[in-house]
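First up is the structure itself, then whatever we jot down about it.
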Amino acid sequence: MHRRWYAKLNYPNDSEACMNDVIDRVMTTFAMMRSVDDAELEASRIKLTSYIDELTSAGQHDEQRLAVQGLAYMRELYDVSGSAPR
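Residue numbers for the sequence shown follow the numbering used here, beginning at 7 and rising by one.
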């Protein structure tokens with residue numbers, strides 16, 4: 007798994023595709039866990055994209071770890087009721 011990600015980092019379009027795959031995976035999983043409308047999901051996606059970009063810039067390149075960290079971040083964005091981003 008690591009080698010595939012690192013190999014893709016050599017090609018900007020492919021690394022962006024991998025990052026989008028991670029973001030899509032997190033968003034899909036989160037949408038299954040919480041009842042969130044499309045507008046809230048879109049706003050959260052923008053924040054999540056920025057967060058994942060920060061992690062990759064800091065050297066985190068493992069797709070599974072990024073997905074787990076992204077999901078934890080999404081859970082933090084929403085209050086206990088799960089209705090609105092913080």
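All C-beta atoms, glycine included, are put in the ideal place defined by N, C-alpha and C.
Boundaries of the alpha helix (DSSP H) in which residue i is found, first to last residue
i: Gly56; result: Going by the sequence as given, residue 56 is Ser instead of Gly. Counting along the chain, the alpha helix (DSSP H) containing Ser56 begins and ends at Asp44 to Ser63.
i: Tyr79; result: Glu69 to Leu83
Residue i classed as buried or exposed, judged by whether at least 16 other C-beta atoms fall within 10 angstroms
i: Asn26; result: exposed
i: Met39; result: exposed
i: Ile29; result: buried
i: Met7; result: Bear in mind that the predicted position of Met7 carries a pLDDT of just 38, short of 50, making it too unreliable to give a figure here.
i: Gly76; result: buried
Alpha carbon of residue i to alpha carbon of residue j, nearest angstrom
i: Ala73; j: Asp43; result: 21 Å
i: Ala49; j: Arg81; result: 14 Å
i: Ser21; j: Ser41; result: 30 Å
i: Tyr84; j: Ala23; result: 26 Å
i: Thr35; j: Leu61; result: 19 Å
i: Gly65; j: Asp59; result: 10 Å
i: Arg31; j: Ser56; result: 15 Å
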